[in-house]
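Written out below as structure tokens is the structure these notes cover.
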Amino acid sequence: MYVAVKGGEKAIDQAHSWLDETRRGDTSLPELSVAQIRQQMGLAVDRVMAEGSLYDPELAALALKQASGDAIEAIFLLRAYRTTLPRFLASVPMETNTMAIQRRISAAYKDLPGGQVLGPTYDYTHRLLDFTLLANGERGSAPPSGDETVEDCPRVLDFLNSEGLIESPLANSGRTQSDGSAESETPADLTRQPLDYPAGRDLRLQALARGDEGFLLALAYSTQRGYGRNHPFAGEIRQGEVAVEIAPEELGFPVIVGDIQVSECDMINQFIGTETEAPRFTRGYGLAFGNSERKALAMALVDRALRARELGEDVVSPAQDEEFVLAHCDNLDSSGFVSHLKLPHYVDFQSELVLLRRLRKEFEERKSGRQGPKVNTTSKPGNQDEPSTDNEQRREVKQA
Amino acid sequence: MTNAALYHNPDSQNDGQNDSQSNSTGYNFAYLDEQTKRMIRRCLLKAVAVPGYQVPFGGREMPLPYGWGTGGMQVTATIIGQDDVLKVIDQGADDTTNAVSIRRFFARTAGVATTESTREASVIQTRHRIPETPLSHGQILVYQVPIPDPLRFIEPRETETRKMHALQEYGVMHVKLYEDIARFGHIATTYAYPVKVNGHYVMDPSPIPKFDNPKMHGNPALQLFGAGREKRIYAIPPFTRVESLDFEDHPFEIQGWDQTCEFCGSDHSFLDEVVTDDEGGRIFICSDTDYCNQRFANGARQEAV
Numbered sequence: 024m025y026v027a028v029k030g031g032e033k034a035i036d037q038a039h040s041w042l043d044e045t046r047r048g049d050t051s052l053p054e055l056s057v058a059q060i061r062q063q064m065g066l067a068v069d070r071v072m073a074e075g076s077l078y079d080p081e082l083a084a085l086a087l088k089q090a091s092g093d094a095i096e097a098i099f100l101l102r103a104y105r106t107t108l109p110r111f112l113a114s115v116p117m118e119t120n121t122m123a124i125q126r127r128i129s130a131a132y133k134d135l136p137g138g139q140v141l142g143p144t145y146d147y148t149h150r151l152l153d154f155t156l157l158a159n160g161e162r163g164s165a166p167p168s169g170d171e172t173v174e175d176c177p178r179v180l181d182f183l184n185s186e187g188l189i190e191s192p193l194a195n196s197g198r199t200q201s202d203g204s205a206e207s208e209t210p211a212d213l214t215r216q217p218l219d220y221p222a223g224r225d226l227r228l229q230a231l232a233r234g235d236e237g238f239l240l241a242l243a244y245s246t247q248r249g250y251g252r253n254h255p256f257a258g259e260i261r262q263g264e265v266a267v268e269i270a271p272e273e274l275g276f277p278v279i280v281g282d283i284q285v286s287e288c289d290m291i292n293q294f295i296g297t298e299t300e301a302p303r304f305t306r307g308y309g310l311a312f313g314n315s316e317r318k319a320l321a322m323a324l325v326d327r328a329l330r331a332r333e334l335g336e337d338v339v340s341p342a343q344d345e346e347f348v349l350a351h352c353d354n355l356d357s358s359g360f361v362s363h364l365k366l367p368h369y370v371d372f373q374s375e376l377v378l379l380r381r382l383r384k385e386f387e388e389r390k391s392g393r394q395g396p397k398v399n400t401t402s403k404p405g406n407q408d409e410p411s412t413d414n415e416q417r418r419e420v421k422q423a
Numbered sequence: 012m013t014n015a016a017l018y019h020n021p022d023s024q025n026d027g028q029n030d031s032q033s034n035s036t037g038y039n040f041a042y043l044d045e046q047t048k049r050m051i052r053r054c055l056l057k058a059v060a061v062p063g064y065q066v067p068f069g070g071r072e073m074p075l076p077y078g079w080g081t082g083g084m085q086v087t088a089t090i091i092g093q094d095d096v097l098k099v100i101d102q103g104a105d106d107t108t109n110a111v112s113i114r115r116f117f118a119r120t121a122g123v124a125t126t127e128s129t130r131e132a133s134v135i136q137t138r139h140r141i142p143e144t145p146l147s148h149g150q151i152l153v154y155q156v157p158i159p160d161p162l163r164f165i166e167p168r169e170t171e172t173r174k175m176h177a178l179q180e181y182g183v184m185h186v187k188l189y190e191d192i193a194r195f196g197h198i199a200t201t202y203a204y205p206v207k208v209n210g211h212y213v214m215d216p217s218p219i220p221k222f223d224n225p226k227m228h229g230n231p232a233l234q235l236f237g238a239g240r241e242k243r244i245y246a247i248p249p250f251t252r253v254e255s256l257d258f259e260d261h262p263f264e265i266q267g268w269d270q271t272c273e274f275c276g277s278d279h280s281f282l283d284e285v286v287t288d289d290e291g292g293r294i295f296i297c298s299d300t301d302y303c304n305q306r307f308a309n310g311a312r313q314e315a316v
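Chains as they are written, first to last, in my numbering: chain A, 24 to 423; chain B, 12 to 316.
Rendered as structure tokens:
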């Protein structure tokens with residue numbers, strides 16, 4: 024009995040209401056509020072903001088709730104909202120030097136002006152499950168005494184830069200020249216213009232900032248294991264709040280529109296030098312919304328790897344390959360296209376079936392035609408004179 | 012006949028705010044904002060002017076996943092007008108889940124009339140098929156495209172393929188087809204079969220079966236292709252020459268079936284195979300549901316099913 028694939032409409036509705044029910048879970052338990060997610064699932068919220076490329080903790084928390092905690096689904100929700108928002112202005116370049124520091128460490132110097140500030144990190148926790156939390160109890164530890172203020176933290180790479188030991192931060196900033204003219208003042212924006220190769224560093228950094236943390240992490244790791252090694256030192260990692268400023272034309276001066284939490288990583292990498300230029304360290308840079316340190320580190324490593332061509336290195340590894348990295352780092356691109364395999368492919372599959380059956384039939388016919396002892400059946404199926412016999416047996420409709 | 016925006020007098024275009032609250036969704040008419048539509052229309056015009064050329068466009072995130080028709084949806088959202096009648100098919104059928112989902116999307120965000128009839132539609136968005144019913148001048152067929160570049164699986168690099176297209180360096184494509192013949196005795200590409208458009212660009216017709224390729228040639232309807240994830244748009248204007256690549260001694264040919272449609276008895280449409288039991292039972296039915304229903308209603312089948 025043939026059952027048609029009808030009723031798609033009804034099925035979709037039913038699936039959606041089942042999904043709602045599943046998302047809510049046991050209704051005897053109190054519902055999770057968006058505020059709770061924002062406060063207590065902060066790192067998940069930060070990742071959604073970073074890869075959703077929209078700084079809005081409340082909406083990111085809402086997206087996480089709606090997506091049952093699935094990061095990529097939540098990122099998708101946020102992106103699809105972001106894309107409809109009007110753009111008024113581009114901000115003035117952010118000054119992370121003026122960051123209200125919560126965390127600042129350098130792996131290159133033991134001590135330095137401003138000191139090493141650990142901040143709220145999981146780094147030195149022992150990864151032992153805390154059963155107090157399971158028993159619904161809060162930890163008894165006293166809040167840290169808040170009287171110690173963080174001193175000014177000059178940028179670690181500036182120490183090196185003042186000695187000329189590292190390339191200047193603006194060296195080879197290599198902005199994308201969208202119109203083919205000289206460097207434009209406005210950085211490129213891949214959410215408005217399609218990605219174009221070779222991409223400038225501005226475009227690469229944007230793609231990486233939106234890129235999937237897992238993918239970038241794996242690429243970064245691959246550079247450490249020899250696939251495009253670039254000898255990194257974590258020059259400086261900092262987290263904290265930075266003011267975002269805009270400078271409307273009619274005003275003529277910048278005004279602060281708010282503070283955002285960011286994680287930043289300056290990587291110090293192996294040096295370059297030429298006949299005419301003294302050897303110096305090179306840089307890799309990472310920046311992400313919220314407390315997304317892993318992402319910022321990975322991004323800095325991949326940024327440096329992608330500068331291979333510009334620095335005259337051989338492009339031999341995936342992490343150095345701009346088209347490979349940029350075309351595949353976006354998790355909405357990749358999850359969308361991988362999951363589209365769930366969509367029907369009856370027609371294409373049928374086309375393959377028709378061909379495969381025909382090939383097998385021809386194979387059988389050849390085999391039975393070859394019952395004599397002379398033919399080696401393991402030879403290649405398509406030797407020279409076979410196609411012509413095939414032509415005569417062709418049963419397909421010929422194109423007029 | 013069509014009311015699609017591409018054919019509109021520019022004066023009748025809504026230029027932004029007029030449309031904005033024309034529906035209850037809180038989004039602009041057909042979801043995309045008018046700035047974006049204008050950008051896409053420019054790309055469409057370029058695509059029509061250079062048939063088969065892949066025009067990069069600033070593709071937007073859509074509320075459906077990439078790979079599920081976001082390119083086609085952006086094209087449809089851009090060209091559709093309030094008086095248009097939209098048909099959406101997936102695998103030739105109006106009732107497959109993704110077709111239902113996209114049709115609903117436009118019914119909701121644009122409030123346009125929808126239809127399952129190929130003849131009544133002014134805009135048809137499709138995935139993987141060209142309707143069996145011949146299209147007429149004024150209709151627009153919008154294809155959803157996963158990988159727009161026919162050279163992608165031969166040369167993965169965009170920087171390379173762009174040059175190859177510009178220089179018409181298509182030898183590799185013929186080599187690939189030749190290798191099929193050497194190995195299998197046939198060209199083993201059964202869908203997304205490459206075509207040459209207007210004597211210049213080799214184009215991926217999207218994963219339609221090669222059965223549908225001849226329908227692209229000289230078609231009176233405008234054919235638009237949108238690839239959302241890859242951010243490319245291309246087009247075949249009405250009555251354009253579209254040739255499927257082949258060899259003199261291995262001419263292009265399309266699939267055929269020994270069976271006929273179980274419902275309407277058609278012996279000339281693309282047939283889907285339906286497994287009816289676990290003992291090898293199979294029936295074949297038209298993949299184009301509208302075509303099949305029309306034929307069935309017209310009593311094409313003599314005996315009752």
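Heads up, the beta-carbon is just placed ideally off N, CA and C, and yes, glycines get one too. Predicted, not measured: the structure shown is a model, and the values here were computed from it.
### Task
Step through the CB atoms of chain A and report whether any lies within less than 8 Å of the CB of Gln85 of chain B.
For Gln85 of chain B, the answer is no, since every Cβ of chain A falls outside 8 Å of its Cβ.
### Query
Taking DSSP as the reference, what is the three-state secondary structure of Lys98 of chain B?
Lys98 of chain B: strand per DSSP, three-state reduction.
### Query
Buried or exposed: which applies to Asp260 of chain B, given that a residue is buried once 16 or more other Cβ atoms fall within 10 Å of its Cβ?
With fewer than 16 neighbouring CB atoms inside 10 Å of its own CB, Asp260 of chain B falls in the exposed class.
### Query
At a cut of 8 Å, does the segment 101-119 of chain B reach the segment 376-385 of chain A through at least three beta carbon pairs?
The answer is no - the segment 376-385 of chain A does not touch the segment 101-119 of chain B, with fewer than three Cβ pairs under 8 Å.
### Task
Please list the residues of the segment 361-377 of chain A that have a C-beta atom closer than 8 Å to any C-beta atom in chain B, keeping them in chain order.
Answer in chain order: Val361, Ser362, His363, Leu366, Pro367, His368, Tyr369, Val370, Asp371, Gln373, Ser374, Glu375, Leu376, Val377.
### Message
Just checking: is the beta-carbon of Arg102 of chain A within a distance shorter than 8 Å of some beta-carbon in chain B?
### Response
Interface residue (Cβ-Cβ distance to chain B less than 8 Å): Arg102 of chain A is classified as such.
### Message
Please report whether the beta-carbon of Asn304 of chain B lies at a distance below 8 Å from any beta-carbon of chain A.
### Response
No, no contact with chain A.
### Query
Which chain B residues sit within Cβ distance under 7 Å of Asp356 of chain A?
Chain B residues near Asp356 of chain A: Tyr77, Arg240.
### Exposed unless 16 or more other CB atoms sit within 10 angstroms - verdict on Tyr302 of chain B
Its Cβ being crowded by 16 or more others within 10 Å, Tyr302 of chain B is buried.
### Per DSSP, cross-strand counterpart(s) of Met214 of chain B
Met214 of chain B is bridged to B:Val206.
### Task
Kindly list, in the order they appear in chain B, the residues whose Cβ is closer than 7 Å to that of Ile35 of chain A.
Chain B residues near Ile35 of chain A: Thr108, Val111, Ser112.
### Message
Determine whether the beta carbon atoms of Gln262 of chain A and Glu316 of chain A lie at a separation below 8 Å.
### Response
Yes, they are a contact pair.
#### Entry: As assigned by DSSP and simplified to three states, the class of Leu188 of chain B
Reduced to three states, the DSSP call for Leu188 of chain B is helix.
### Message
Closer than 9 Å between beta carbons: that is the criterion. Which residues of the segment 83-107 of chain A meet it against chain B?
### Response
Per Cβ criterion, the list reads Phe99, Leu100, Arg102, Ala103, Tyr104, Arg105, Thr106, Thr107.
### Query
Helix, strand or coil: how does DSSP classify Leu180 of chain A here?
Looking at Leu180 of chain A - three-state DSSP - the assignment turns out to be helix.
### Nonlocal neighbours in the same chain, by C-beta distance under 8 Å from Pro116 of chain A, ignoring five residues either side
Here the set comprises nothing.
### Message
DSSP three-state label for Asn304 of chain B, please.
### Response
Helix.
### Message
With a threshold of 6 Å on Cβ separation, who are the neighbours of Gly296 of chain A within its own chain once the five nearest residues in sequence on each side are excluded?
### Response
Excluding positions up to five away in sequence, the list reads Pro302.
### Query
From Thr305 of chain A to Leu56 of chain B, what does the alpha carbon distance come to, in whole angstroms?
Each residue's Cα considered, the two are about 45 Å apart.
### Query
What is the DSSP secondary structure of Ser201 of chain A, reduced to helix, strand or coil?
Note on Ser201 of chain A: pLDDT 45, under 50, position unreliable in the model; the coordinate value appears next. Coil.
### Message
Using beta carbons (cut-off 8 Å, strictly below), is Asn25 of chain B in contact with chain A?
### Response
Low confidence applies to Asn25 of chain B: its pLDDT is 42, below 50, so where it sits in the model is not reliable enough to give any reading.
### Query
Smallest Cα separation from Met227 of chain B: which of B:Ile244, B:Gly237, B:Ala238, B:Pro205?
Nearest neighbour of Met227 of chain B by Cα position, chosen from B:Ile244, B:Gly237, B:Ala238, B:Pro205, turns out to be B:Pro205.
#### Entry: 8 Å Cβ cutoff, Leu382 of chain A in contact with chain B
Closer than 8 Å to some Cβ of chain B, the Cβ of Leu382 of chain A qualifies, so yes.
### Task
Closer than 7 Å by beta-carbon distance: list the chain B residues that pair up with Gln216 of chain A, in chain order.
Simply Gly69.
### Cα-Cα separation, His351 of chain A to Gln59 of chain A
Spanning the two alpha carbons is a distance of roughly 33 Å.
### Query
Assuming Asp79 of chain A contacts Gly313 of chain A under a Cβ cut-off of 8 Å, what Cβ separation, rounded to an integer in Å, is found between them?
With a Cβ gap of about 11 Å, Asp79 of chain A and Gly313 of chain A do not count as contacting.
### Query
What residue ranges within the segment 64-116 of chain B form continuous beta strand (DSSP E) runs of no fewer than 3 residues, ordered along the chain?
Runs of the beta strand (DSSP E) inside the segment 64-116 of chain B: 96-101.
### Task
Assign Phe164 of chain B to one of two classes, buried (16 or more other C-beta atoms within 10 Å of its C-beta) or exposed (fewer than that).
Exposed, by the Cβ-count rule.
### Task
May I ask you to list, following chain order, the residues of the segment 37-53 of chain A that have a beta carbon less than 7 Å from some beta carbon of chain B?
Here the close residues number zero.
### Message
Considering only the alpha carbon of each residue, which of B:Tyr189, B:Phe295, B:Pro220, B:Tyr202 lies closest to Asp257 of chain B?
### Response
For the residues B:Tyr189, B:Phe295, B:Pro220, B:Tyr202, the minimum Cα distance to Asp257 of chain B belongs to B:Tyr189.
### Query
Closest to Val377 of chain A by CA distance: which of B:Gln305, B:Thr287, B:Thr200 is it?
The shortest C-alpha separation from Val377 of chain A is found at B:Thr200.
### Message
Less than 8 Å between the C-beta atoms of Thr108 of chain B and Gly251 of chain A, yes or no?
### Response
Cβ atoms of Thr108 of chain B and Gly251 of chain A: not closer than 8 Å.
### Query
In chain order, which continuous runs of the beta strand (DSSP E) of length 3 or greater are located wholly inside the segment 118-153 of chain A?
Uninterrupted beta strand (DSSP E) stretches at least 3 residues long and entirely within the segment 118-153 of chain A occur at 123-128, given in chain order.
### Message
For a minimum of 4 consecutive residues, which ranges assigned as the alpha helix (DSSP H) are wholly contained in the segment 287-335 of chain A?
### Response
Taking only runs of at least 4 residues, the alpha helix (DSSP H) segments lying wholly in the segment 287-335 of chain A are 316-329.
### Message
In the DSSP output, which residue or residues are listed as bridge partners for Cys297 of chain B?
### Response
Paired residues: B:Leu282.
#### Entry: Beta-carbon contacts of Met184 of chain B that lie in its chain and below 8 Å, excluding the five residues immediately before and after
These residues qualify, in order along the chain: Pro161, Leu162, Ile165, Pro205, Val213, Leu256.
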